[in-house]
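Undergrad: I'd like to ask some things about the structure below.
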Amino acid sequence: RSPSRHQQPPREMASSSSGSMLVGNELSDEEQQWMAQLSDLAKAEGLTIETRFLLASYVIVAKGDMKKALKRVRNYNKVVEQFKFNELTEEQTTAWLKKNMGNLVIRIGQDKNGYEGYGFWLGALDPKVVETEMDERLCVRAVGDNMRTLTPNIAAVRKGACLLTDLTGVGWANLSVSLEKKMSSVYQDSYPFKMKKVYIVNPPSFFFAILKLASLFIKQKLIDRFCPVKAEALSEHFDTSSIPPRHGGTMSEDFWGAREMLLKQHHASVAEMEVTKGHGELRGVVSM
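Numbers in our numbering are just positions in the sequence shown, counted from 1, shifted up by 14.
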């Protein structure tokens, strides 16, 4: 993106070694050095890193390990190209998600570790709604947009995120290896964020069979972060105000309103970092 296209968001500012930054988007000198290294390595391979925010996220998630960071860049480039993210808009994917999977998504607050998160009810998933190539592209792009709600600023990238998966009433008809594999291509060693915890609510008797199925496309490292829990025990991990009413809490915030707010925060962080002087030249831009 051209810096002239962005106006600096009217939010409180904080100083850092990289100049004036939005609170939560400060970068250390070491992180900026990592960014410069990764930018050069990506450029040498002809890879695209869409924004400075994404560049910073890659190196922070990888803790400066260029091999790990480049692996994510390569994988995310493949996803963007395969599902033609450039040709889709956030508005399109949101409309598709509301129409086809609106009853799946669940608004949750931060857990007691401070991890931002969102939830979904797998028992309401009908894989058959993803029947055309366009459905598939919109579905996978929607996963990418949801990942951005978990990274509204650099501080959230550093902290990590959580996911709540409600398995109440789930059956084999709700599961699709093909669809899950495509969706996992966005969040597993691809889009740069840290999945610190996955709360599995009300796991069924055949949960271990589901885990075995998941192991076909999800790494053991992530599976080890699964935390099976009964709905009535969620208060051990979340404040009551962060738990939705369906699980015995008092969370009143609408999923879609929260999603819109977090995406706006993410876009503000992206825009702010694009106009802030830093290291590394970006090779290309993917419209998000």
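Cβ coordinates follow ideal geometry from the N, Cα and C atoms, glycine included.
Quick one: what's got a C-beta closer than 8 Å to Lys98's C-beta in the same chain, skipping five residues either side?
TA: Arg151
Undergrad: Quick one: any contact between the region 258-274 and the region 109-124, if contact means 3 or more CB pairs under 8 Å?
TA: Yes: the two stretches touch, three or more of their Cβ pairs being nearer than 8 Å.
Undergrad: Quick check: the region 251-267 against the region 147-162, are there 3 or more CB pairs under 8 Å?
TA: The region 251-267, when compared against the region 147-162, does not touch it at the 8 Å Cβ threshold.
Undergrad: Quick check on the DSSP output: the alpha helix (DSSP H) that includes Gly158 runs from which residue to which?
TA: Residue range 147-163 is occupied by the alpha helix (DSSP H) that includes Gly158.
Undergrad: For Ser301, is the classification buried or exposed, using 16 other Cβ atoms within 10 angstroms of its Cβ as the cut-off for buried?
TA: Residue confidence for Ser301 is low, a pLDDT of 36 falling below 50, so the modelled location carries little weight and cannot support an answer.
Undergrad: Can you check whether the CB of Val171 is closer than 7 Å to the CB of Thr179?
TA: Cβ distance not < 7 Å, so Thr179 and Val171 don't count as in contact.
Undergrad: Provide the residue span of the beta strand (DSSP E) that contains Thr179, from first to last.
TA: Taken as a continuous stretch (DSSP letters only), the beta strand (DSSP E) holding Thr179 covers 175-180.
Undergrad: Rounded to a whole number of angstroms, what is the C-alpha to C-alpha distance between Tyr72 and Leu227?
TA: 29 Å
Undergrad: The beta strand (DSSP E) that contains Lys210, what's its start and end?
TA: 209-215
Undergrad: What's the gap between the Cα of Leu193 and the Cα of Gln202?
TA: 14 Å
Undergrad: Pick out whichever of Glu45, Leu52, Thr62, Arg66 has its Cα sitting closest to the Cα of Val289.
TA: For the residues Glu45, Leu52, Thr62, Arg66, the minimum Cα distance to Val289 belongs to Arg66.
Undergrad: Let's see if you can read the secondary structure: which residues bound the alpha helix (DSSP H) around Glu250?
TA: Per DSSP, Glu250 belongs to no alpha helix (DSSP H) and is neither H nor E.
Undergrad: Taking a contact to mean a Cβ-Cβ separation below 7 Å, would you say Glu130 touches Ala175 in this structure?
TA: yes
Undergrad: DSSP three-state label for Val191, please.
TA: helix
Undergrad: From Asp43 to Ser53, what does the alpha carbon distance come to, in whole angstroms?
TA: 15 Å
Undergrad: With the cut-off set at 7 Å, would you say Phe231 and Lys195 are in Cβ contact?
TA: yes
Undergrad: Give a yes or no on whether the C-beta atoms belonging to Ser204 and Asn89 are separated by under 7 Å.
TA: Their beta carbons are under 7 Å apart, which means Ser204 touches Asn89 by this criterion.
Undergrad: Could you give the DSSP three-state label for Val171: helix, strand or coil?
TA: helix
Undergrad: In three-state DSSP terms, what is Tyr201?
TA: helix
Undergrad: DSSP on Tyr90, reduced to helix/strand/coil?
TA: helix
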